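In mature numbering (1 follows the signal peptide of the UniProt record, and there is no 0), the protein residues as written are -26 to -1, 1 to 202. Beta carbons are placed, not taken as given, at the ideal position from N, Cα and C, and that holds for glycine. Note that the structure is a prediction, hence the values are computed from the model and not measured. Notes follow the structure.
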């Protein structure tokens, strides 16, 4: 139906491509972007580029992401905040932390998305001290971390065995930033406690948390905890 539309301008293409990315159809979004370029539509708004970089990020396609990065530079949008954020996230998810950190450090302006992307990327790739240091830098810059920031940080503490730090971050999230813990936060804290041998505390957490554990959380529990 879209192909039969007589006026396929940048606005229409951007709406279609963004919708495909948001619905998880990254490959289709990228193919639509290629078709848009073949149609000779000028990219006068960077939003469509951000969407396509997001598709590459979700699919962890480094090669296509790098091509999009080159196009961003060629079109002169490398200083655009949300484009830079998308590129940091893409490179981090594609395991190219060198490129992610380079773009992050080169950004003139950084927002909570910028910091969270590099923090989570570092945490997911085992660079725990780096992630915690970046978190400190974010706070010093006067930015308020969000729910995703704390998921990444507590997850990092879990895999590094930093029990006290993980507890402190969970408490700070609630008391200092007023963030209501989600199931994901409780799951990360539970994983931290159980991995480090604090089984009684982990059991107490899972029994008293105000959200019902999903299947993934249930699988983390020893069989003896599943009843009662």
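Along the stretch 25 to 50, the beta strand (DSSP E) does not occur as any fully enclosed run of 3 or more residues. Remark: fewer than three beta-carbon pairs, one from each stretch, lie closer than 8 angstroms, so the stretch 110 to 125 and the stretch 64 to 82 are not flagged as touching.
At least 8 angstroms separates the beta-carbon of residue 23 from that of residue -1. Non-local beta-carbon contacts of residue 63 in its own chain, meaning distances under 6 angstroms to residues more than five positions away in sequence, involve 31 and 91 in chain order.
Secondary structure of residue 118 (DSSP, three-state): coil.
Under a 10 Å Cβ-count criterion, residue 154 is classified as exposed, with fewer than 16 other Cβ atoms of the shown protein chains found around its own Cβ. Its chain contains 167 as the residues whose beta carbon lies nearer than 6 angstroms to that of residue 175, once the 5 sequence neighbours on both sides are disregarded; these appear in chain order.
Residue 17 sits buried, since 16 or more C-beta atoms from the chains shown fall within 10 Å of its C-beta. Here residue 47 is not near residue 20, since their CB atoms are 8 angstroms or more apart. Check the Cα spacing between residue 164 and each of 152, 177 and 156: the tightest is with 177. At least 8 angstroms separates the beta-carbon of residue 55 from that of residue 97. By the beta-carbon neighbour count (other beta carbons within 10 angstroms, threshold 16), residue 159 is buried. Secondary structure at residue 15: coil, using DSSP grouped into helix, strand and coil.
Residue -13 counts as buried, since no fewer than 16 other beta carbons sit within 10 angstroms of its beta carbon. Burial check for residue 184: the Cβ neighbour count within 10 Å stays below 16, so the residue is exposed. Given a length threshold of 4 residues, each whole run of the alpha helix (DSSP H) inside the stretch 125 to 163 is given here in chain order: 137 to 149. In the three-state reduction of the DSSP assignment, residue -3 falls in the coil class, being assigned neither a helical nor a strand state.
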